[in-house]
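Chains as they are written, first to last, in our numbering: chain A, 250 to 824; chain B, 250 to 824.
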């Protein structure tokens, strides 16, 4: 008898599992069950379908050799049977069978399995507020929703969109609405910053500033209190602060695993509804595996498990499930939280933990922000790519890296390198020495990532003392925030032409200009009683100046990490 | 008394060491001695200066904040004394002093040191042939040579350039001559491929084909026998095969460490003239350090030491020397051989070992070549980036990765990720699971590098049997090469419209067309007596087909790894 493998769920993890298991066990009978009629599509491409970058939804359902991945394709090309519009109602673990129902015809069937795979995915959260059921309020739950939204735009029914949620999907959707269609888009984020927990404050602010430049309004720290409509159609969104007209609302406030089927079958499911699996992707029933958005993934840095709803992980996990179904003992090493996001002409990416999450997880963590060039400074089109490196001060272990830069693969190159290092438990010393490829059109001789590790090393060793960008900005605009701030003065070591504008604005008492090359000759002009915030464009000259001043006994300095290059990208009004 | 640190050599490693040691030990007296008048320049930028991408040589000598790094700059900004046009003649280790001579004034001086750093660099090799001293024959030894070459081009004295040596510098120089100036450039390489030992044959061929498209003639497997001139000026280059007119010749046949000063001082120097150092960068005299092109660098993969003349390593090493001079016990982990190279509209990069070098070093090595997309196949502007992954079949350890793609950072992103993994002794299983950042504009859900590891896994497990691209190409054009080849037949599983052209060209007997989606229905048409070479665009459908055919007992197949996508980039005449 051939082995019967039944897979519930046909978007990403399910089909991946099915296809690989057929390659490993060509004689297995593999069947996918899905309640939708559309299967095996690239859900991460939905924003690009809505924007028009991808003109036809079938492109999201096609192989790279231009065949549509429908039931017939799976049957002919893959030898996998797919039952669409078929809902799994319950699992009988004793008899090893799944009760399914055809949604259109209504008939029920018992589907026997030797091994069962749950790839039931996740569903978007809905806020518990009035108006979520109004016509025109969408969640990006599947490709159908994307098609509905695009149809409305094409018909000219949409002018003003409010996006609830400033995470990756919310931001990608904002770009989709604004870039090609020219719609008015507003993002509302409940947390004090967009991309909460994904990047630290500075990086969220750089992104927010760029969204603003492109016409996307962003309000952070505001809860949506209600959605109002007229004649059943959405008309406006109310927040704690304002009323926003809207003829389309996208709610992108996270997702929740679909663990109900597993729970009802008595499988172990965590309090957040995620199905619990071991390293072999087995649930608490060894003949039932689970994969994709519906499982709790162990974070390799924190050791804690939780939902990790990423298409990239779904595919990796599907391969591992297939291996184990075929008797290959591949173990899942867990996730680290890598991501990258295009937002108009810029991108932001990260891997591992932010400083905020690292500290919340109990690490003795510190972070440095740098502003190095992506390629040799003498090479045309080079630009600054701010990086932030988070590390443990006790073990020197790398905990995370964030990057911001122009659209392209420069940030990706650094994030992926950091992801590889994180995966292998690297220290900042490893990051300093990792031999990244160099030629002037691609990198600096010491790559920006190596340089970030060097700054972290200086900080860890107590050779660098710095002021947080957020504190610096607050100090510039308002002295009164903290008692010690009255005693601070900026020491601007850039060229006097550059520094002069800020000296004129803030006055000599608050903003002192001594060029970098003159410090060794003029350090005696400096006060011993004030805290001097050393300012340059990237932070490197500032650290060098701090080291020199330490040597002559002037230890009353702090360096502005990342320098004005980062602050400029945040969009303050005084620079 | 302040510590006296003397550094011989002022291009890259020397100034890096000097500047960091001044940050760590602000009171140290640091002095750089260099025989040139130009110091601290980006030598790797020379091709871009010659091409005109960088208009002024001073840009190669400037900081990113636009100050020229001359003696005055080092003195004022860095507190480092620099003696240019000063040659170090000998080292008196007993008395701890260096005898130096001013090249212009002729006076000699004894320079006392507490610690000495040798950053004496390397010099380009000269072939032992007639004509190397003719006017118009250059080596890229320093910035002066670059200035001389550019002056000749600007004056219109150059039309035809012959470049001896098909390594990275030769190729970068060829682009410099052709791209903006429109000169005729020819590369002569003695080895059977360009970039020998840096990439395997397929990747060299893809690059060679692109150079050809851009008008650069490349001759491999040819030794230069003489350079001929008229009236002392170069006129032509003779090889074992041909005579090439030339009014400028660039000899780029590798470099050799300048270890003479160390040798004369009785320090340990290896037979290739490289200064031997320990992990702290100390020579056999613990008060004398060495750094940069002049040292033997330990390769982290092979454990063997040799010259590693890379600007990126020079800077890393300089930081480590400075740490140790300041009492910080940083250890140098060694090199792995990462590089990336721009060539017109394409780039090639690699890290670690090629298959050829891995086998020569005694590894049980195998390699797979893949042709995956750099970003989601439905995303505009996606393209194929061939990767080659070399690994040890016994330990499954990653040994190297090569990449080829369009100019940009897509290849860089994969090479750097692989470099990080290599650094930490990763296996192909680690490469498969490394969580690279994903969004459709940046990558595929399983990154191309993850996918290459998956193919390697299939090969290592004996689930994949393949034919080398080189063998396949030879078979296509000539049956007679090996006796078993007469028994081979291509099974082209692409769409019949695509396969049809080759069926027509080679005939049904040699080139069989059965589309991928029809294999399960039509496999009984296949011969059991012929070896079938399964052909698709990337190799992935071919492997799937092989797995299916294995399952029905047809085990007489081989997969063409990387598929026609790679072969198309090699520039064969039948495709």
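Even glycine gets a Cβ: it sits at the ideal position worked out from N, Cα and C.
Taking 8 Å as the cut-off, the beta carbon of residue 496 of chain A is found closer than this to the beta carbon of residue 385 of chain A.
Annotated three-state conformation of residue 785 of chain A is coil, per DSSP. Residue contact with chain A for residue 772 of chain B: absent (no Cβ-Cβ distance below 8 Å to any residue of chain A).
For residue 434 of chain A, the CB contacts under 7 Å within the same chain, skipping 5 residues up- and downstream, are 410, 412, 423, 426, 427 and 465 in chain order. In this chain, the beta strand (DSSP E) harbouring residue 618 of chain B covers 614-622.
Residues of the stretch 648-678 of chain A with a Cβ closer than 9 Å to any Cβ of chain B, in chain order: 656, 657, 658, 659, 660, 661, 662, 663, 664, 665, 666, 667, 668, 669, 670, 671, 672, 673, 674, 675 and 678. The Cβ atoms of residue 619 of chain B and residue 636 of chain B sit closer than 8 Å to each other. Sequence-distant partners of residue 752 of chain B (beyond 5 residues in either direction) whose C-beta falls short of 8 Å from its own C-beta, in its chain, are 741, 760, 761 and 762.
For residue 635 of chain B, the enclosing beta strand (DSSP E) starts and ends at 633-641. Proximity to residue 793 of chain A across B/267, B/532, B/254 and B/807 peaks at B/267, based on C-alpha coordinates. For the set B/738, B/509 and B/726, the Cα lying nearest the Cα of residue 340 of chain B is the one of B/509.
Selection A/279, A/359 and A/294 evaluated against residue 325 of chain A yields A/279 as nearest (Cα-Cα). Residue contact check for residue 303 of chain B against chain A: a CB pair falls below 8 Å.
In the DSSP assignment, residue 682 of chain A falls within the unbroken alpha helix (DSSP H) covering 677-682. For residue 633 of chain B, the closest alpha carbon among the candidates B/639, B/641, B/623 and B/640 is that of B/623. Here residue 577 of chain B is exposed, its C-beta having fewer than 16 other C-beta atoms within 10 Å. Proximity of residue 605 of chain A to chain B, defined by a Cβ-Cβ separation below 8 Å, is not satisfied.
For the options A/353, A/667, A/601 and A/725, the alpha carbon positioned closest to that of residue 333 of chain A is the one of A/353.
Secondary structure in the stretch 388-450 of chain A: the alpha helix (DSSP H) runs of 4 residues or longer, each lying completely within the stretch, are 392-403 and 417-428 in chain order. Going by DSSP, residue 339 of chain B is part of the beta strand (DSSP E) stretching over 335-341. Judged by DSSP in its simplified three-state form, residue 687 of chain B adopts coil rather than helix or strand. Within the same chain, Cβ atoms closer than 7 Å to the Cβ of residue 664 of chain A are found at 587, 589, 598, 599, 600, 650 and 652, the five residues on either side in sequence being excluded. Taking CB atoms only, residue 459 of chain A has no neighbour in chain B less than 8 Å away. Counting every other CB atom within 10 Å of its CB across the protein chains shown gives residue 724 of chain A a total of 16 or more, marking it as buried. For residue 605 of chain A, the uninterrupted alpha helix (DSSP H) run begins and ends at 604-609, by DSSP. Nearest Cα to residue 689 of chain B within the set A/309, A/277 and A/269: A/309. Between residue 337 of chain B and residue 349 of chain B, the C-beta spacing is below 8 Å.
8 Å or more divides the Cβ of residue 736 of chain A from the Cβ of residue 777 of chain A.
For residue 499 of chain B, none of the residues of chain A pass the 8 Å Cβ criterion, the least Cβ distance being about 18 Å. Shown here, residue 455 of chain B sits in a helix according to DSSP, grouped into three states. Annotation for residue 655 of chain A: the continuous beta strand (DSSP E) segment containing it runs 647-655.
With its beta carbon at least 8 Å from every one in chain A, residue 637 of chain B lies outside the interface.
Taken in chain order, the complete beta strand (DSSP E) segments of 3 residues or longer contained in the stretch 733-813 of chain B are 737-741, 760-762, 780-784 and 806-809. By the Cβ-count criterion, residue 250 of chain B is exposed, with fewer than 16 other Cβ atoms from all chains shown falling within 10 Å of its own Cβ.
Chain-ordered, the chain A residues with CB closer than 8 Å to the CB of residue 694 of chain B read 261, 291, 293, 560, 561, 563 and 564.
In the DSSP assignment, residue 697 of chain B falls within the unbroken alpha helix (DSSP H) covering 697-709.
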